[in-house]
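Counting in the working numbering, the sequence shown runs without a single skipped number right up to 256 at its last residue.
Beta carbons are placed, not taken as given, at the ideal position from N, Cα and C, and that holds for glycine.
To keep things clear, I will list the structure first and then write my remarks on it.
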Amino acid sequence: MITGRYRASWDVKVTVAGGQATAVVFTDAPQQRRLEYGFVGVDRLGRQYRQPPYPHIEPAFQRTRPDYLEALRTGALPR
178 MITGRYRASW DVKVTVAGGQ ATAVVFTDAP QQRRLEYGFV GVDRLGRQYR QPPYPHIEPA
238 FQRTRPDYLE ALRTGALPR
């Protein structure tokens, strides 16, 4: 069932120190790795999965990286 919780679980932390900006995009959602990379087998709760990968973080990162780095460099990100 699609609830929107996974999408809502993502966050961005931007840190600026010494003229350098660092951004960390993350989620603590337990399904993140399974969705990104897929999973076939039984999980630790005994549930059986045959989940194909749905790469979404790595492709999005590669596509948006230049613009995001430029926004960090110029200070164009919202606070």
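- In the structure shown, Asp188 falls within a strand segment according to DSSP collapsed to helix, strand and coil.
- Here Pro229 has Gly215 as same chain residues with Cβ atoms under 7 Å from its own Cβ, once five neighbours each way along the sequence are excluded.
- Non-local beta-carbon contacts of Thr204 in its own chain, meaning distances under 6 Å to residues more than five positions away in sequence, involve Ser186 and Trp187 in chain order.
- Annotated as proximal: Ala198 and Leu249, with beta-carbon spacing under 8 Å.
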